[in-house]
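Encoded as structure tokens, the structure appears first; notes follow it.
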Amino acid sequence: MILLLIEKIKESRNQSFIPYLELWKEIEYKKMRKEINNAITVLKQNQPADRQAEQGRQAEQDRQAEQGRQAEQGRQAEQGRQAEQDRQAEQERKKQIEKAMEGNEPHDFYLKCWICGERFLFTVGEQQFYKQKGFSLPKKCEDCRYSYREWPFTGEN
Ligand SMILES: [Zn+2]
Numbered sequence: 013m014i015l016l017l018i019e020k021i022k023e024s025r026n027q028s029f030i031p032y033l034e035l036w037k038e039i040e041y042k043k044m045r046k047e048i049n050n051a052i053t054v055l056k057q058n059q060p061a062d063r064q065a066e067q068g069r070q071a072e073q074d075r076q077a078e079q080g081r082q083a084e085q086g087r088q089a090e091q092g093r094q095a096e097q098d099r100q101a102e103q104e105r106k107k108q109i110e111k112a113m114e115g116n117e118p119h120d121f122y123l124k125c126w127i128c129g130e131r132f133l134f135t136v137g138e139q140q141f142y143k144q145k146g147f148s149l150p151k152k153c154e155d156c157r158y159s160y161r162e163w164p165f166t167g168e169n
């Protein structure tokens with residue numbers, strides 16, 4: 013009868029029986045202890061399916077979080093590189109423009125828009141204004157300057 017009960021408990025695969033089995037084991041005689049121990053072992057091995065699923069979910073979440081972290085790090089590194097390239101390009105551009113202006117009478121000249129790539133006129137008047145205000149050379153053409161669209165274009169704007 014007791015053996016049958018232990019068998020039923022084993023078949024239940026219900027791990028919540030384990031603490032009761034542990035207590036039961038303490039008060040049983042030797043032969044029964046072996047059976048109870050056996051039942052405990054079986055229950056511990058037969059984890060409920062949903063617990064395994066839970067572990068799987070957790071592992072998957074960890075993996076995704078790790079991927080997210082790595083992607084974020086990559087993105088930041090890429091942004092840093094991009095910013096550095098932009099800085100260098102801007103300095104290079106400034107040098108070229110200063111060189112072109114050297115020894116010349118003030119004159120209108122074209123700048124290339126960093127956004128749309130179109131050339132736009134930077135007039136003497138504007139140059140003087142920018143110089144007075146201490147502004148750096150404009151990067152954007154008039155269209156892009158007054159556009160609220162952000163660069164880089166995603167096609168969604
Ligand atoms: Zn433009």
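Per our numbering, the sequence shown runs over residues 13 to 169.
Using N, Cα and C, we set each Cβ at its ideal position, and we do this for glycine too.
| Query | Result |
| --- | --- |
| I109: CB within 7 Å of a non-hydrogen atom of ligand 1 | no |
| 8 Å Cβ cutoff met for F132 and C153 | yes |
| For P118 and F134, the rounded distance between their alpha carbons | 11 Å |
| Bridge partners - Y122, DSSP secondary structure assignment | L133 |
| Endpoints, the alpha helix (DSSP H) within which M44 is located | K42 to Q57 |
| Closer than 7 Å: E102 CB and nearest ligand 1 heavy atom | no |
| Burial state of A89, where buried means 16 or more other Cβ atoms lie within 10 Å | exposed |
| Which listed residue (E72, Q82 and S24) has its alpha carbon closest to that of A51 | S24 |
| Within-8 Å CB hit, E23 to chain C | The chain labelled as chain C is not found in the depicted structure, where only one protein chain is given. |
| Cutoff 6 Å; reference A65; Cβ partners in own chain excluding five residues on either side | none |
| Environment of L17 [buried if 16+ CB atoms lie within 10 Å] | exposed |
| DSSP three-state assignment for P150, whether helix, strand or coil | coil |
| Neighbourhood of I21 by C-beta distance below 8 Å, restricted to the same chain and skipping five residues each side | F29, L33, A51 and L55 |
| Spatially closest choice to G129 from Q67, R157, K46 and R45, by CA coordinates | R157 |
| Closer than 7 Å: E138 CB and nearest ligand 1 heavy atom | no |
| contact_flag[the segment 96 to 116, the segment 143 to 152] where n(CB pairs < 8 Å) is 3 or more | yes |
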